[in-house]
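Per the UniProt record's numbering, the sequence shown starts with residue 1, numbered consecutively. Glycine included, each C-beta is placed from N, C-alpha and C at the ideal position. Right, one structure below, let's go through it.
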Amino acid sequence: MHVTKGGKRTFLLLSLLSLLWVTGVPVTAGAEEAQAAIGIKAGQYAPDFELVDYQGNKHKLSEFRGKPVLLNFWASWCTPCRMEMEDLADSAELYHDKVQFFGVNLADQDSPSVSEAFLKKFRVEFPNVLDEEGKVADKYHVLVIPTSFLIDSEGKVVQMVQGPLFNEEIDKLFKKVLN
């Protein structure tokens with residue numbers, strides 16, 4: 001996990017989350033306190049944004065309204081991001097007709113050519129955009145990566161997860177938005 005900003009209170013929270021992650025406890029921010037300390041709460045509308053992908057095409061989060069979205073913030077140098085990416089790619093393929101996966105590369109901390117090769121290595125076919133100035137990560141109060149947000153079909157945040165997501169956790173998350 002990588003700290004992108006902080007303060008003493010944030011550092012303590014992240015230390016606790018890191019400890020839980022290292023011990024194998026999935027850190028799903030169902031804990032209201034963690035979400036409140038970090039910013040975006042369950043039930044709030046996910047902030048919309050527009051960024052470009054690796055081919056220069058613009059994508060907005062709101063273009064996926066009507067379908068649940070798993071929004072994932074990542075970087076190619078991030079070890080936990082590497083650990084989860086194959087499972088994200090597999091789950092995106094499995095759930096392609098039910099859930100939209102959408103990746104945000106922290107391009108202000110990553111090389112676009114390296115991150116694009118990273119996506120190809122893991123056979124990632126869902127849309128990924130470049131947050132070249134870190135503004136979207138700031139808007140979402142992303143303090144560590146990977147961080148994922150499950151967003152319902154109406155555009156409301158259901159849950160935030162800090163740390164890597166694997167198939168089992170993804171399946172559990174999706175039960176919250178799929179009938």
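Chain-order list of residues whose beta-carbon lies under 6 angstroms from that of Leu-94 (same chain, five-residue window excluded): Locating residue 94 in the sequence shown gives position 94, where the first residue counts as 1. So the list is empty, once near-sequence residues are dropped.
Taking Val-104 as the reference, which of Gly-66, Lys-139, His-96, Lys-176 has the closest Cα? Taking the first residue of the sequence shown as 1, we reach residue 104 at position 104. With distances taken between Cα atoms, Val-104 lies closest to Lys-139.
With respect to the beta strand (DSSP E) encompassing Asn-167, which residues constitute its N-terminal and C-terminal limits? Reading the sequence shown from its first residue, position 167 is the one you call residue 167. Unbroken run through Asn-167 is the alpha helix (DSSP H), 167-174; no beta strand (DSSP E).
At what residue ranges does the UniProt domain "Thioredoxin" (40-179) contain a whole run of the beta strand (DSSP E), taking only runs of 3 or more? 50-52, 58-60, 69-74, 100-105, 128-130, 147-151, 157-162
Does the stretch 146-153 come into contact with the stretch 121-133, if we say contact requires no fewer than three beta-carbon pairs (one atom in each stretch) closer than 8 angstroms? no
Reference Ala-107, options Ile-145, Ile-40, Leu-173, Gly-155, closest by Cα: For the purposes of this step, residue 107 is taken as the residue at position 107 of the sequence shown. Comparing Cα positions, the closest option is Ile-145.
Taking C-alpha atoms, which residue in Ser-115, Phe-174, Ala-117, Gln-55 lies nearest to Gln-159? The residue you call residue 159 lines up with position 159 of the sequence shown. Considering only alpha carbons, the answer is Phe-174.
Sequence-distant residues of its chain with Cβ nearer than 6 angstroms to Ala-31 (five each side left out): What you label residue 31 is simply residue 31 of the sequence shown in a count that begins at 1. Interpretation of Ala-31 is limited by its pLDDT of 45, a score under 50 that renders its predicted location unreliable; no figure is taken from the coordinates.
Compare the Cα-Cα distances from Val-129 to each of Met-85, Lys-67, Gln-55 and report the closest residue. Your numbering for residue 129 matches position 129 in the sequence shown. Per the Cα distances, Gln-55.
Nearest neighbour of Phe-126, chosen from Ala-137, Leu-165, Met-85 [CA to CA]: Here the question's residue 126 lines up with position 126 in the sequence shown. Closest option to Phe-126, Cα to Cα, is Met-85.
Spatial neighbours of Asp-87 in its chain, beta-carbon cut-off 6 angstroms, leaving aside the 5 residues before and after: In the sequence shown, the residue the question calls residue 87 occupies position 87. These residues qualify, in order along the chain: Phe-166, Asn-167.
C-alpha distance - Asp-90 paired with Phe-102, whole-angstrom precision: The count along the sequence shown starts at 1 and reaches residue 90 at position 90. The count along the sequence shown starts at 1 and reaches residue 102 at position 102. In a straight line, the C-alpha of Asp-90 is about 14 angstroms away from that of Phe-102.
Here's the rule: buried if 16 or more other CB atoms are within 10 angstroms of the residue's CB, otherwise exposed. What is Ala-117? To locate residue 117, count along the sequence shown from 1; it is residue 117. The residue is exposed, with fewer than 16 neighbouring Cβ atoms inside 10 Å.
Mind checking whether Lys-67 and Val-157 have CB atoms under 9 angstroms apart? Locating residue 67 in the sequence shown gives position 67, where the first residue counts as 1. Locating residue 157 in the sequence shown gives position 157, where the first residue counts as 1. Against a cut-off of 9 angstroms, the Cβ pair of Val-157 and Lys-67 comes out as no contact.
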